[in-house]
Amino acid sequence: MTMLSPEARAFLDRMGWGMAKPSPVAGDASARSYTRLHLSDDYSAVLMQTPKSKIKSQAAFRDVAAHLRGLGLSAPTVFGEDADAGLLLVEDFGDQTYSAILDQGLTLEVELYRTTHDLLAVLARTGAMGGLPILAAAELARLTAVTFEELPEDHALKSEQAAFQNDLQGLATWILRGVPVTVLRDFHAGNLIWLPDRTGLQRAGVIDFQDALCGPKGYDLVSLIDDARRDLSLELRTTLIRDHAHILNISEDDMILRTSLLSLQRNFRILGLFHRLARTGKPGYLRHMPRVAAHILRALDHPTLAPLAATARAICAHYLQSTANHAPRGAMIMAAGFGTRMGALTKTTPKPLLRVAGRALIDHALDVAHAGHAAPCVINTHYHANQMRHHLRKDEVILSEEQPEILESGGGIRYALRYFSDTAIFTLNSDNVWTGLNPFATLSAAWRPTEMDALMLLIPRDKATGRQGDGDLGLDASGRILFDDPQKPYVFTGAQILKTAPIAAMDIPKFGLRMLWETLARKARLFGVIHQGGWADVGHPEGITSAEELLATEKIALT
Numbered sequence: 003m004t005m006l007s008p009e010a011r012a013f014l015d016r017m018g019w020g021m022a023k024p025s026p027v028a029g030d031a032s033a034r035s036y037t038r039l040h041l042s043d044d045y046s047a048v049l050m051q052t053p054k055s056k057i058k059s060q061a062a063f064r065d066v067a068a069h070l071r072g073l074g075l076s077a078p079t080v081f082g083e084d085a086d087a088g089l090l091l092v093e094d095f096g097d098q099t100y101s102a103i104l105d106q107g108l109t110l111e112v113e114l115y116r117t118t119h120d121l122l123a124v125l126a127r128t129g130a131m132g133g134l135p136i137l138a139a140a141e142l143a144r145l146t147a148v149t150f151e152e153l154p155e156d157h158a159l160k161s162e163q164a165a166f167q168n169d170l171q172g173l174a175t176w177i178l179r180g181v182p183v184t185v186l187r188d189f190h191a192g193n194l195i196w197l198p199d200r201t202g203l204q205r206a207g208v209i210d211f212q213d214a215l216c217g218p219k220g221y222d223l224v225s226l227i228d229d230a231r232r233d234l235s236l237e238l239r240t241t242l243i244r245d246h247a248h249i250l251n252i253s254e255d256d257m258i259l260r261t262s263l264l265s266l267q268r269n270f271r272i273l274g275l276f277h278r279l280a281r282t283g284k285p286g287y288l289r290h291m292p293r294v295a296a297h298i299l300r301a302l303d304h305p306t307l308a309p310l311a312a313t314a315r316a317i318c319a320h321y322l323q324s325t326a327n328h329a330p331r332g333a334m335i336m337a338a339g340f341g342t343r344m345g346a347l348t349k350t351t352p353k354p355l356l357r358v359a360g361r362a363l364i365d366h367a368l369d370v371a372h373a374g375h376a377a378p379c380v381i382n383t384h385y386h387a388n389q390m391r392h393h394l395r396k397d398e399v400i401l402s403e404e405q406p407e408i409l410e411s412g413g414g415i416r417y418a419l420r421y422f423s424d425t426a427i428f429t430l431n432s433d434n435v436w437t438g439l440n441p442f443a444t445l446s447a448a449w450r451p452t453e454m455d456a457l458m459l460l461i462p463r464d465k466a467t468g469r470q471g472d473g474d475l476g477l478d479a480s481g482r483i484l485f486d487d488p489q490k491p492y493v494f495t496g497a498q499i500l501k502t503a504p505i506a507a508m509d510i511p512k513f514g515l516r517m518l519w520e521t522l523a524r525k526a527r528l529f530g531v532i533h534q535g536g537w538a539d540v541g542h543p544e545g546i547t548s549a550e551e552l553l554a555t556e557k558i559a560l561t
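This note's numbering applies: residue 3 is where the sequence shown begins, and numbers increase by one.
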């Protein structure tokens with residue numbers, strides 16, 4: 003039962019809502035709280051409670067909501083207010099957030115985001131609302147202070163704060179020049195409500211704007227497309243950037259630069275904010291850190307941001323390493339298979355020695371392991387084991403030779419456990435290639451050993467380069483793997499963290515990993531996390547070309 007304070011009860015009595023049945027509404031990263039009030043099954047409102055130290059944000063919510071409704075947009079109507087007590091009774095848009103809808107499948111992604119982009123176009127073409135605080139270049143730079151403040155007191159990167167903020171301010175001054183607009187600020191999928199019973203732009207309901215500012219064009223677009231909590235398809239992201247350039251009447255190159263700088267500033271700040279939230283009792287924010295770091299690294303690909311790159315990359319590496327929760331050290335690379343799908347290519351050559359972009363597949367896998375500082379690094383072999391042994395003779399790896407017969411994926415790992423002392427290990431398939439954020443960094447940051455026995459690195463099916471066939475599995479809202487999801491929107495990328503105890507307990511020498519995964523899934527101990535980068539399946543001949551095209555665009559980043 004949701005408890006309301008006597009102050010809140012008295013306010014609701016005055017408003018005629020004293021008989022309403024309260025139920026909690028999920029909050030956000032702020033100190034505000036929300037309660038849904040039901041007078042009947044189809045008549046409800048939301049009580050917003052603001053700490054008295056933040057009363058100004060309540061007045062801002064009321065005023066910005068009126069401004070947005072005046073522009074023909076959907077913002078909640080304010081039914082009543084007690085400014086002294088920090089209480090606001092507002093229209094209930096329901097709980098169909100973009101995040102909730104898209105977690106059920108991506109069929110509405112384009113419609114939702116294009117509608118919301120059109121909403122931003124209205125704001126871009128309208129003069130900034132009067133009376134809002136100004137988000138100028140100096141303030142953009144100052145807001146990154148939290149990420150330096152969250153570093154350990156004796157950390158060397160703390161000394162880089164002044165230079166970083168000075169460079170950021172200088173770049174922002176000329177890159178973001180132009181007439182400012184109303185910036186809603188926390189403009190992302192979790193704060194947008196789909197209202198299908200309305201028409202046009204009013205289908206996009208906006209609910210979080212009490213921290214609105216007068217700031218640079220493109221800020222809310224970046225908040226939307228480089229969301230800290232969910233991934234957007236690269237094709238749609240590119241389209242929205244191009245469309246926004248047209249709205250602002252600037253070149254696409256200028257828009258890409260503007261977007262890169264704003265994404266860097268925003269996500270650099272979020273790194274520190276999420277770390278602080280986790281440190282003060284909200285550890286769930288840590289699972290988003292790899293995505294936030296990936297946004298930063300993508301922004302730093304723009305050469306104009308080079309003055310900020312060294313410090314930003316080093317801080318990303320620090321935060322990902324510090325948020326890794328008892329992550330394993332050892333890694334096993336799977337390289338024993340026959341590679342039958344490769345046809346004639348593997349008649350006399352083991353698949354891990356086939357060359358992609360001038361290097362053997364096994365070497366691409368070793369790049370991931372070495373960049374992730376894996377130790378020990380074990381590679382299993384069987385087919386043409388002598389060739390593998392010769393190729394790897396100069397590498398500091400351990401070979402686990404499966405003879406006289408191959409043991410399949412699960413059996414091969416079980417046989418190699420003799421080389422590991424930790425309670426969990428990384429495993430990596432040698433017939434895939436990855437770009438973007440190092441798979442081990444993403445897995446490490448998301449690993450929660452008290453809840454998980456295995457954590458699989460996934461990628462959306464529509465981003466799986468070279469993939470033949472459907473996806474492998476689904477995810478529930480908590481990140482647990484669903485093998486019975488009919489849509490199967492995700493593909494396993496061949497990288498995972500796996501506890502050693504469940505696999506050691508298997509009482510058969512030869513078995514596939516799917517058998518173990520299904521057992522762990524039934525126990526709700528099998529989880530997934532989304533890879534922040536590109537991935538290619540090189541399990542078939544056509545995959546070689548696809549992988550080479552992918553590797554031409556970017557490499558593994560961040561150790």
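All residues carry an ideal CB built from backbone N, CA and C; glycine is no exception. The structure displayed is predicted, hence computed values, not measured ones.
Checklist entry - Secondary structure at residue 437, three-state DSSP: helix, strand or coil? => result coil
Checklist entry - At which residues does the alpha helix (DSSP H) containing residue 168 begin and terminate? => result 163-177
Checklist entry - Name the DSSP beta bridge partners of residue 379, please? => result 333
Next on the checklist: Using a Cβ-Cβ cutoff of less than 7 Å, which residues in the same chain neighbour residue 3 once the five nearest sequence positions on both sides are dropped?
Outcome noted: Reliability fails at residue 3, whose pLDDT of 43 lies under 50, so the model's placement of it is uncertain and no value is given.
Item to check | Nearest candidate by alpha-carbon position, reference residue 274, set 287, 263, 264 and 262 | outcome: 287
Next on the checklist: Report the start-end ranges of each beta strand (DSSP E) in the region 487-513 that is 3 residues or longer and not cut off at the edges.
Outcome noted: 492-501
Checklist entry - With a CB to CB cut of under 6 Å and the five nearest residues on each side skipped, what residues in its chain are close to residue 213? => result 187
Checklist entry - Within the chosen definition, does the region 397-413 reach the region 373-389 through at least 3 CB pairs nearer than 8 Å? => result yes
Next on the checklist: Here's a check: name, in chain order, each residue in its chain whose Cβ is nearer than 7 Å to the Cβ of residue 195, leaving out the five neighbours to either side.
Outcome noted: 95, 96, 98, 99, 207 and 209
Item to check | Boundaries (first-last residue) of the beta strand (DSSP E) holding residue 23 | outcome: 23-26
Item to check | Beta-carbon proximity list for residue 231, same chain, < 8 Å, skipping 5 on both sides | outcome: 101, 190, 191, 192, 290 and 293
Checklist entry - So what's residue 202 in DSSP terms, helix, strand or just coil? => result helix
Checklist entry - Are the region 70-89 and the region 152-168 touching, with three or more C-beta to C-beta distances below 8 Å? => result no
Checklist entry - From 309, 442 and 21, pick the residue whose C-alpha is nearest to that of residue 431; which is it? => result 442
Checklist entry - So what's residue 357 in DSSP terms, helix, strand or just coil? => result strand
Checklist entry - With respect to the beta strand (DSSP E) encompassing residue 346, which residues constitute its N-terminal and C-terminal limits? => result No beta strand (DSSP E) holds residue 346; DSSP gives it neither H nor E.
Checklist entry - Exposed or buried, which one is residue 55 when buried takes at least 16 other CB atoms within 10 Å? => result exposed
Item to check | Where the beta strand (DSSP E) containing residue 158 begins and where it ends | outcome: From DSSP, residue 158 is part of no beta strand (DSSP E); its letter is neither H nor E.
Checklist entry - Going by beta carbon distance, what residues of the same chain come within less than 7 Å of residue 260, once the five residues before and after it are set aside? => result 177, 178 and 220
Item to check | Residue closest to residue 254, alpha-carbon to alpha-carbon, out of 264, 265 and 242 | outcome: 242
Checklist entry - Sorted by chain position, which residues of the same chain lie with C-beta nearer than 6 Å to residue 555's C-beta, five sequence neighbours on each side aside? => result none
Item to check | Whether residue 184 touches residue 257 by CB criterion (7 Å) | outcome: no
Next on the checklist: Starting from residue 326, trace the alpha helix (DSSP H) in both directions and tell me its first and last residue.
Outcome noted: Premise fails: residue 326 is in no alpha helix (DSSP H) and is neither H nor E.
Checklist entry - Taking only runs of the alpha helix (DSSP H) that begin and end inside the region 18-82, which ones reach a length of at least 4 residues, in chain order? => result 57-72
Checklist entry - Can you pull the DSSP bridge partners for residue 431? => result 336
Item to check | Three-way DSSP call (helix, strand, coil) for residue 120 in this model | outcome: helix
Next on the checklist: Please report the distance separating the alpha-carbon of residue 367 from that of residue 413.
Outcome noted: 20 Å
Item to check | Simplified DSSP assignment, three categories, for residue 556 | outcome: coil
Checklist entry - From the DSSP output, which residues share a beta bridge with residue 223? => result DSSP, once it has assigned bridges, lists no residue as partnering residue 223.
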